[in-house]
Amino acid sequence: MLKDRNFNTMGIFKKDKLQIINFQSYGSATRLYVRGRAIEDENIDLDQKGIFNLMQNTWKRFETDEIKNAPIKITFSNGETVEGVTDNDGYYLIDENIAGLQKLANDEGWVKFELSFTKANLKREIILQNRFPGEMLIPSEHAKFGVISDIDDTILHTGVVSSLKWKVIINTMFKRATKRSQLEGASDFYSKLHQGKTGDEANPIFYVSHSPWNLYRYLELFLKSNNFPKGPILLRSMASFKMRKKSDEKPQKQKEISNLLKSYPDLPFILIGDSGEKDGDIYQEISTLFPGRIKAIYLRSVNHSKRMARIENLFVDFKDIPFLMVNKTAEAIDHAKKNGFI
Numbered sequence: 018m019l020k021d022r023n024f025n026t027m028g029i030f031k032k033d034k035l036q037i038i039n040f041q042s043y044g045s046a047t048r049l050y051v052r053g054r055a056i057e058d059e060n061i062d063l064d065q066k067g068i069f070n071l072m073q074n075t076w077k078r079f080e081t082d083e084i085k086n087a088p089i090k091i092t093f094s095n096g097e098t099v100e101g102v103t104d105n106d107g108y109y110l111i112d113e114n115i116a117g118l119q120k121l122a123n124d125e126g127w128v129k130f131e132l133s134f135t136k137a138n139l140k141r142e143i144i145l146q147n148r149f150p151g152e153m154l155i156p157s158e159h160a161k162f163g164v165i166s167d168i169d170d171t172i173l174h175t176g177v178v179s180s181l182k183w184k185v186i187i188n189t190m191f192k193r194a195t196k197r198s199q200l201e202g203a204s205d206f207y208s209k210l211h212q213g214k215t216g217d218e219a220n221p222i223f224y225v226s227h228s229p230w231n232l233y234r235y236l237e238l239f240l241k242s243n244n245f246p247k248g249p250i251l252l253r254s255m256a257s258f259k260m261r262k263k264s265d266e267k268p269q270k271q272k273e274i275s276n277l278l279k280s281y282p283d284l285p286f287i288l289i290g291d292s293g294e295k296d297g298d299i300y301q302e303i304s305t306l307f308p309g310r311i312k313a314i315y316l317r318s319v320n321h322s323k324r325m326a327r328i329e330n331l332f333v334d335f336k337d338i339p340f341l342m343v344n345k346t347a348e349a350i351d352h353a354k355k356n357g358f359i
């Protein structure tokens, strides 16, 4: 939470500067859908080496001081503005119908804008002269399909199936994003899917994970460092980890995927995940809820015999949509070629 540090008035402690972090999101020619968070700047350097620095940065990522109920403003390249406000956890979601957004997009479909605090009495220093970069993706009209991909153990070695998730903790705390390993050939496969069969389709890639938004910049740097196609990264808030889920409530990942399919009703999708968690179950249900919208499902094999057996049994009668259990990326590339995706 944003702390009221009384010692600041005495000069004992200096207040941290303020910042706005925009989470790359997605919209359409008439819909602005922008998410992000306003927090104190903790001077996190994701390239710092050394165990102490890595642990300190991990602590800073999760011990965030949010800027609650703060008015913010989006300014587009044509001078138009849209206003919003952060919630009690510092997050903002601006979801409005605005015409003409497509005209502001580049060839890949990205709309660039600036974010800023609008409340003059914050009485805090703001970094970057209160001008924070933001982007939103509008899928290209040349796109033939979209790709929705999991991250953990699908493109990033994580260790989700390890006992007590100890590998997840070690990998996140003690490894820099630039030193994390992608699964072999994953970025090449995704680049081919992004380019499509003609090479210039600009098929949008959406990265969806159960990880918290606190890891957004970490995952963004991993994707960039490993040459994955740029795409929105959709995570979840820490509050959702604490809330007890209702028996009939769907996982956050499934909600995000459903929202994507509803946002682009004319665009079919390829779903990519792994066989370690619930991706198979989620993807099957999505294909049932959105008939005719899923072009293929790829699930990475994980080193866990019981989970592998469960997934194989889950898909044994799955015949309507091309499905592949992926042991090596070359198999997925060959399958995608045969099906005319690349």
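Counting from 18, one number per residue, gives the positions in the sequence shown under the numbering used here. No residue lacks a Cβ here, since even glycine has one placed at the ideal position from N, Cα and C.
Exposed or buried, which one is residue i when buried takes at least 16 other CB atoms within 10 Å?
| i | result |
| --- | --- |
| Q65 | For Q65, the pLDDT reaches just 49, beneath the cut-off of 50, and the residue's location in the model is therefore unreliable, although a value from the coordinates is still provided. Per the 10 Å Cβ criterion, exposed. |
| R54 | buried |
| I186 | In this prediction, I186 has a pLDDT of 49, which is less than 50 and means its spatial position is unreliable; what the coordinates show is noted afterwards. By the 10 Å Cβ count, I186 comes out exposed. |
| G216 | exposed |
| Q271 | buried |
| V333 | exposed |
| T175 | buried |
| F258 | Residue placement at F258 is flagged as unreliable, the pLDDT there being 44, under the threshold of 50; a coordinate-derived value is accordingly withheld. |
| N39 | buried |
| K47 | A small fix is needed here, since residue 47 is Thr in this sequence, not Lys. Exposed. |
| P308 | exposed |
| G357 | exposed |
| A87 | buried |
| A219 | buried |
| Q36 | buried |
| E57 | buried |
Counting only beta-carbon separations shorter than 8 Å, does residue i have a partner in chain D?
| i | result |
| --- | --- |
| A203 | No chain D appears in the structure shown, which is made up of a single protein chain. |
From which residue to which residue does the alpha helix (DSSP H) around residue i run?
| i | result |
| --- | --- |
| I250 | First-last for I250: 250-253, but that is the beta strand (DSSP E), not the alpha helix (DSSP H). |
| K312 | No alpha helix (DSSP H) contains K312, which is instead part of the beta strand (DSSP E) from 311-317. |
| G297 | 296-306 |
| L145 | Segment: none, L145 is in no alpha helix (DSSP H) and carries neither H nor E. |
| V32 | Looking at the sequence provided, one finds Lys at residue 32 rather than Val. K32 -> no alpha helix (DSSP H), and no H or E assigned at all. |
| D395 | With the chain covering 18 to 359 only, the question about residue 395 has no answer from this structure. |
| K336 | K336 -> no alpha helix (DSSP H), and no H or E assigned at all. |
| F245 | No alpha helix (DSSP H) contains F245, which DSSP labels as neither H nor E. |
Let's see if you can read the secondary structure: which residues bound the beta strand (DSSP E) around residue i?
| i | result |
| --- | --- |
| G126 | That residue, G126, is in no beta strand (DSSP E); it is neither H nor E in DSSP. |
| I89 | 88-93 |
| L341 | 340-343 |
Can you pull the DSSP bridge partners for residue i?
| i | result |
| --- | --- |
| R48 | N114 |
| R54 | I38, Y108 |
| D169 | L173 |
| E100 | K90 |
| I289 | S166, Y315 |
| S157 | Its beta-bridge partners do not exist; DSSP assigns none. |
| E83 | I56 |
| P229 | R253 |
By the three-class DSSP mapping on this structure, what secondary structure does residue i have?
| i | result |
| --- | --- |
| Y43 | strand |
| Y224 | strand |
| L200 | coil |
| L284 | coil |
| E152 | strand |
| F358 | coil |
| E218 | coil |
| F134 | strand |
| F239 | helix |
| F332 | coil |
| A140 | Strictly speaking, residue 140 in this sequence is Lys, with Ala absent from that position. Three-state result, K140: coil. |
| K267 | coil |
Under 8 Å, with one C-beta from each stretch per pair, do the region 265-283 and the region 193-212 reach the 3-pair mark? The region 265-283 is not in contact with the region 193-212.
The region 204-212 in contact with the region 134-152 per 3-pair CB rule at 8 Å: Not touching, per the Cβ criterion.
Is there contact between the region 284-304 and the region 245-255, where contact requires at least three CB pairs shorter than 8 Å? A contact is defined here as three or more CB-CB pairs under 8 Å, and the region 284-304 fails this definition with respect to the region 245-255.
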